[in-house]
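Residue numbers (our numbering): 1055 to 1343.
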């Protein structure tokens, strides 16, 4: 609430919303093309019995679900919310389902690679791994939809101090605020900790081998971890800082406002990363043959 009070007093702050909306349109175009092509490749040319491809297919669907909400947020930033209360709740649900499913799927894929590389159960438990992958993907969608319901309940159409129609979450007290940021921490920082732990063990195992083909996977592994944290890390850390810090003065508020939108654009761009990483892994695979 304190930050909204500062926003009201500093109404001459540089308006970053049109720039954010323009970037979102660009992200939408790139993501639709990239994930659309990747979906076609997976369905038409790839072996969907391959465990990695099962995860990549679900990640692609997750990214496309998230991407389909972007035009609505772009219009919101460029103008105001014009789509009504139902669309506000529906798009919020799809937005968070896309985020949560992407993070959980990436974590499940990491755990699978950890078991395969570190535990050396590559072929003996292949049937079990396929069952785990199918179960993990199904559970991911159930958990993601269930988790997004709390966000759907909180969000409502309202008006800001400029009399613009908004689609925002409303927090009635500190407990609601605390609950929101605990959810953010649980669904981002916990999976990230698991990913870092697993990939440290994977890299340690990989560097103990002299197989150059195996070494080439290191770059892809690091790219996945880096993309995960670079896109979502700054934004989620900012949300935690924002909950405990109120900027003093219009200059401090404007800086915080600009940083917020930069991190938000970066977070939205995560839906473009999956096709790039997939193409990178395919290129390295061909080089290793």
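Every residue, glycine too, gets a C-beta built ideally from N, C-alpha and C.
For residue 1116, the CB contacts under 7 Å within the same chain, skipping 5 residues up- and downstream, are 1152, 1155, 1156 and 1159 in chain order. With a 10 Å radius around the Cβ and a threshold of 16 neighbouring Cβ atoms, residue 1290 comes out buried. Restricting attention to 1221, 1147 and 1218, the CA atom closest to the CA of residue 1196 is found in 1147. Per DSSP, residue 1121 is one residue of the alpha helix (DSSP H) stretching across 1105-1132. Per the Cβ contact rule, the region 1210-1217 is not in contact with the region 1180-1198 (fewer than 3 Cβ pairs under 8 Å). Non-local C-beta neighbours of residue 1202 in its own chain, meaning closer than 6 Å and more than five positions away in sequence, comprise 1147, 1150 and 1151, ordered along the chain. Taken through DSSP and simplified to helix, strand or coil, residue 1136 comes out as coil. Shown here for residue 1142: same chain residues with a beta carbon closer than 8 Å to its own, the five before and five after excluded, namely 1135, 1209, 1210, 1211 and 1221 in chain order. In the DSSP assignment, residue 1221 falls within the unbroken beta strand (DSSP E) covering 1219-1223.
Take the alpha-carbon of residue 1162 and the one of residue 1217: they are about 44 Å apart.
A Cβ-Cβ distance of about 7 Å is found for the pair residue 1186 and residue 1166, placing them in contact under the 8 Å criterion.
Taking the Cβ atoms as the reference, residue 1325 lies roughly 7 Å from residue 1089, within the contact range of under 8 Å. Contact between residue 1317 and residue 1255 is absent: CB atoms are separated by about 30 Å, not below the 8 Å threshold. When DSSP states are grouped into helix, strand and coil, residue 1237 belongs to the helix group. Secondary structure of residue 1146 (DSSP, three-state): helix. In the structure shown, the three-state DSSP call for residue 1088 is helix. Pairing residue 1164 with residue 1282, the inter-Cα distance amounts to about 12 Å. With contacts defined by Cβ atoms closer than 8 Å, residue 1091 and residue 1124 do not form a contacting pair.
Comparing C-alpha distances from residue 1180 to each of 1128, 1105 and 1263 shows the shortest one belongs to 1105. Around the CB of residue 1240, fewer than 16 other CB atoms lie within 10 Å, so the residue is classed as exposed. Counted as a single uninterrupted DSSP element, the stretch harbouring residue 1305 is not any beta strand (DSSP E) but the alpha helix (DSSP H) occupying residues 1304-1322. Pairing residue 1132 with residue 1075 gives a Cβ-Cβ distance under 8 Å. In terms of Cβ geometry, residue 1096 and residue 1107 form a close pair [threshold 8 Å]. For residue 1172, there is no enclosing beta strand (DSSP E), since its DSSP letter is neither H nor E.
For residue 1198, the number of other beta carbons within 10 angstroms of its own is at least 16, and it is reported as buried.
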